[in-house]
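Just add 3 to the spot in the sequence shown (first one is 1) and you have this note's numbering. All residues carry an ideal CB built from backbone N, CA and C; glycine is no exception.
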Amino acid sequence: MKLRALYVSLLLIIFAVAVNAQEQRLKIYISADMEGIAGVVTGEQLGPQGFEYARFREFMTQEVNAAIEGALAAGATQIVISDSHGNGQNLLIEKLPREALIIRSWPRPLGMMQGIDETFAGAIFIGYHTGTTNLQGVRAHTLSSARLTDVRLKGVSVSEAGINAAIAGHFNVPIIMVSGDDAVVKETIALLGNIEGAVVKWASGFHSAKTMTPTAACDLIREKARRAVSRLREFKPYKLSAPIDLNVSFKNYRPSEVLSYLSIVERTDAHTIRFVGKDIIEVSKFLTFINTYELNLEP
4 MKLRALYVSL LLIIFAVAVN AQEQRLKIYI SADMEGIAGV VTGEQLGPQG FEYARFREFM
64 TQEVNAAIEG ALAAGATQIV ISDSHGNGQN LLIEKLPREA LIIRSWPRPL GMMQGIDETF
124 AGAIFIGYHT GTTNLQGVRA HTLSSARLTD VRLKGVSVSE AGINAAIAGH FNVPIIMVSG
184 DDAVVKETIA LLGNIEGAVV KWASGFHSAK TMTPTAACDL IREKARRAVS RLREFKPYKL
244 SAPIDLNVSF KNYRPSEVLS YLSIVERTDA HTIRFVGKDI IEVSKFLTFI NTYELNLEP
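Encoded structure:
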């Protein structure tokens, strides 16, 4: 009996040490887009050709830093940030905390969620926007506003937040917060449940909004991130059961026609293809392929 009691005591000690180690290493993942950043309304803020892009890279970096500050204040110890807009090289990395790791540029097998794994306690979406079938939201689109008209997972139209939440859910990581305009916060909460939402602007059209100032937006994001990490135990991963049926509709005919030459792809109408993935990881890789492959890829 004494040996058994000793054995049980050792197990309890090992368990306590493991739990304590996990609590000491609280990892938070941040996926940062740009359309949902305070003040963003048109392409003038979103790419290197826009006259306001340089300033809005600063504002995007500030909002990510605000989320980091809030997460750290609530006990986070490690942060990984995915620069997930445009060319993937928007964040001013010298202005991020030295402890942070940053994922940049493309292509990536997991897209906007590259680097996520089961060691993270939660994930935050900063600067997100609504999906392409949503009638509201600044710069609403899913993956490509220029090429795609709909993306469906298991028959349901999804936003980038929906796709990315499913990728995180594959690793049992819950989404705990989203920031952006009022439409994307409403859309994402409707999908994922009572996560923290930071509304930094109110959409009045595809290219117009009433917006907070960058300073006010950062204050809100900081507080929402702090609350989200403080509520970690309340969130559940968003999981899709396998296999996963993917339908993608293109604006033009030829992409669906040519992709249907692949034996793994079915053309279901003039503009739409169907692909069935064994899991969301396979679906993510397929989406990365159809959105980035070109014959003249170099080097």
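Legend entry - Top-ranked residue by Cα proximity to Thr133, from Asp120, Leu104, Glu163 and Ser108: Cα-wise, what sits closest to Thr133 is Glu163.
Inset, instruction - Could you say if the stretch 196–216 and the stretch 151–165 meet the contact criterion of at least three C-beta pairs nearer than 8 Å? - result: Three or more Cβ pairs closer than 8 Å define a contact, and the stretch 196–216 falls short of that threshold against the stretch 151–165.
Inset, instruction - Classify Asp86 as buried or exposed, calling it buried when 16 or more other Cβ atoms lie within 10 Å of its own Cβ. - result: When all chains shown are included, Asp86 counts as buried.
Legend entry - Neighbourhood of Ala69 by C-beta distance below 6 Å, restricted to the same chain and skipping five residues each side: Hits under 6 Å: Cys221, Ile224 and Arg225.
Legend entry - Meets three-Cβ-pair contact criterion under 8 Å: the stretch 109–117 and the stretch 161–177: Yes, the stretch 109–117 is in contact with the stretch 161–177.
Legend entry - Span separating the alpha-carbon of Phe62 from that of Ala219: CA-to-CA, the gap between Phe62 and Ala219 works out to about 11 Å.
Inset, instruction - Identify whether Ile267 lies in helix, strand or coil by the three-state DSSP scheme. - result: In this structure, Ile267 counts as coil in the three-state DSSP scheme.
Inset, instruction - Enumerate in chain order the residues of its own chain whose CB-to-CB distance from Leu249 is below 8 Å, with the five nearest sequence positions on each side excluded. - result: Correct list, in chain order: Val154, Arg155, Leu156, Arg277, Phe278, Val279, Gly280, Val286, Phe289 and Leu290.
Inset, instruction - Count the other C-beta atoms from every protein chain shown that fall within 10 angstroms of the C-beta of Asp36, then say buried if there are 16 or more, exposed otherwise. - result: Here Asp36 is buried. Its C-beta has 16 or more other C-beta atoms within 10 Å.
Inset, instruction - Go to Tyr56, then tell me how far its alpha helix (DSSP H) extends in each direction, as first and last residue. - result: That run of the alpha helix (DSSP H) goes Tyr56 to Ala76.
Legend entry - Which listed residue (Gly172, Asn137, Thr135 and Gly158) has its alpha carbon closest to that of Phe123: Phe123 has its Cα closest to that of Gly172, out of Gly172, Asn137, Thr135 and Gly158.
Legend entry - Of the residues Phe128, Tyr56 and Ser108, the one placed nearest Ala228, counting alpha carbons only: Of Phe128, Tyr56 and Ser108, the smallest CA-CA separation from Ala228 is found for Phe128.
Inset, instruction - Keeping to the same chain, check which residues put their C-beta closer than 7 Å to that of Asn294; ignore five residues upstream and five downstream. - result: Same-chain partners within the cutoff: Leu146 and Ser147.
Inset, instruction - Answer with buried or exposed for Lys30, where buried requires no fewer than 16 other C-beta atoms within 10 angstroms of its C-beta. - result: With 16 or more Cβ atoms within 10 Å of its Cβ, Lys30 is classed as buried.
Inset, instruction - Rounded to whole angstroms, what's the CA-CA distance from Ala126 to Pro177? Just pull it up for me. - result: Cα to Cα, the separation comes out at about 6 Å.
Inset, instruction - Could you check which residue in Leu94, Pro100, Ala41 and Thr191 has the C-alpha nearest to that of Ile82? - result: Ile82 has its Cα closest to that of Pro100, out of Leu94, Pro100, Ala41 and Thr191.
Inset, instruction - Figure out for me which residue from Lys98, Ala186 and Leu104 has the closest Cα to the Cα of Leu138. - result: Comparing Cα-Cα distances from Leu138 to each of Lys98, Ala186 and Leu104, the minimum goes to Ala186.
Legend entry - Spatial distance of Gly78 from Val232 (CA atoms): CA-to-CA, the gap between Gly78 and Val232 works out to about 7 Å.
Inset, instruction - Within its chain, find whatever has a CB closer than 6 Å to the CB of Asp282; leave out the 5 residues flanking it on each side and keep chain order. - result: Excluding five sequence positions before and after Asp282, the CB atoms of its chain that fall closer than 6 Å to its own CB belong to Ala245, given in chain order.
Legend entry - Whether Thr64 touches Leu95 by CB criterion (8 Å): Yes, these two residues count as a Cβ contact at 8 Å.
Legend entry - Between the CA atoms of Glu38 and Gly130 - distance to the nearest angstrom: If you take the alpha carbons of Gly130 and Glu38, they lie about 6 Å apart.
Legend entry - Own chain partners of Thr271 with C-beta closer than 8 Å, once the 5 adjacent residues on each side are dropped: Hits under 8 Å: Asn250 and Arg277.
Inset, instruction - Determine, using beta carbons only, whether Ala103 and Ile84 come nearer to each other than 8 Å. - result: In contact: Ala103 and Ile84 (Cβ atoms closer than 8 Å).
Legend entry - Nearest-angstrom beta carbon gap, Val141 and Ala193 [assumed within contact, 8 Å]: A Cβ-Cβ distance of about 18 Å is found for the pair Ala193 and Val141, leaving them out of contact under the 8 Å criterion.
Legend entry - Through-space distance from Asn90 to Gln52, alpha-carbon basis: Here the C-alpha atom of Gln52 lies approximately 12 Å from the C-alpha atom of Asn90.
Inset, instruction - Would you mind reading off the limits of the beta strand (DSSP E) that contains Asp86? - result: From DSSP, the beta strand (DSSP E) with Asp86 extends over Gln81 to Asp86.
Legend entry - Distance between beta carbons of Thr136 and Ser160, contact taken as under 8 Å: Between Thr136 and Ser160 the Cβ distance is about 5 Å, and since that is below 8 Å, they are a contact.
Legend entry - Nearest-angstrom Cα separation, counted from Phe292 out to Leu298: One C-alpha to the other measures close to 12 Å.
Legend entry - 8 Å Cβ cutoff met for Ser263 and Ala273: With contacts defined by Cβ atoms closer than 8 Å, Ser263 and Ala273 do not form a contacting pair.
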